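Enquirer: Quick one: the structure is below, and I'll ask about it shortly.
So, in structure tokens, the structure goes:
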């Protein structure tokens, strides 16, 4: 999952792995915070510094990752974020019918 990934993705837990699949809901996010080019009243110098430090820690975690099939992600659970390693799901319950049928090798209706 790239930092520029704008797809909506939903997390699920299966076979002891966190999986993020495309979805109409967005509960699985790439683990990178936006950094501002210019300070504002709602994102001041202290927040810019904290954001930079948090992103540096996340970059270190990604660099130390030995399993290239997993991605560092934030998932949303009951209004709070949880930092986890996720795997990409190829197909999810919110994909279109044709994609689901193709990926699961289902007979046409």
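Numbering (this note's numbering), first residue to last: 37 to 145. The beta carbon of each residue, even a glycine, is placed where N, CA and C say it ideally should be. Computed from a predicted structure; not experimentally measured.
Have a look at residue 95 and residue 144 and give me their C-alpha separation to the nearest angstrom.
Expert: Counted from its first residue, the chain shown places residue 95 at position 59. Counted from its first residue, the chain shown places residue 144 at position 108. Taking the straight line from one Cα to the other gives about 44 Å.
Enquirer: Do you know offhand how far residue 72's Cα is from residue 97's?
Expert: Position 36 of the chain shown, counting from 1, holds the residue named residue 72. Position 61 of the chain shown, counting from 1, holds the residue named residue 97. Spanning the two alpha carbons is a distance of roughly 22 Å.
Enquirer: Give me the Cα-Cα distance between residue 49 and residue 132, rounded to the nearest whole angstrom.
Expert: Start at 1 with the first residue of the chain shown, and residue 49 comes out as number 13. Start at 1 with the first residue of the chain shown, and residue 132 comes out as number 96. Taking the straight line joining both Cα atoms gives about 21 Å.
Enquirer: Whole angstroms are fine: how far does the CA of residue 84 sit from the CA of residue 110?
Expert: Counting from 1 along the chain shown, the entry for residue 110 is found at position 74. Counting from 1 along the chain shown, the entry for residue 84 is found at position 48. When rounded, the distance between both Cα atoms is 20 Å.
Enquirer: Determine the contact status of residue 57 and residue 65, defining contact as a CB-CB distance below 8 Å.
Expert: Taking the chain shown and counting its residues from 1, one reaches residue 57 at position 21. Taking the chain shown and counting its residues from 1, one reaches residue 65 at position 29. No.
Enquirer: Report the three-state DSSP secondary structure of residue 97 (helix, strand or coil).
Expert: To locate residue 97, count along the chain shown from 1; it is residue 61. Residue 97 falls in the helix class under three-state DSSP.
Enquirer: Relative to the alpha-carbon of residue 92, which residue among 105, 101 and 69 has its alpha-carbon at the smallest distance?
Expert: Indexing the chain shown from 1 puts residue 92 at position 56. Of the listed residues, the one whose Cα sits closest to residue 92 is 69.
Enquirer: Determine the direct distance from the alpha carbon of residue 80 to that of residue 40, and round the result to whole angstroms.
Expert: What you label residue 40 is simply residue 4 of the chain shown in a count that begins at 1. What you label residue 80 is simply residue 44 of the chain shown in a count that begins at 1. With a pLDDT of only 46 at residue 40, under the threshold of 50, the placement of this residue in the model should not be trusted, and no figure is reported.
Enquirer: Output the distance between the C-alpha atoms of residue 53 and residue 125, rounded to the nearest integer angstrom.
Expert: Within the chain shown, the letter at position 17 stands for residue 53. Within the chain shown, the letter at position 89 stands for residue 125. Straight-line Cα distance between these residues: approximately 11 Å.
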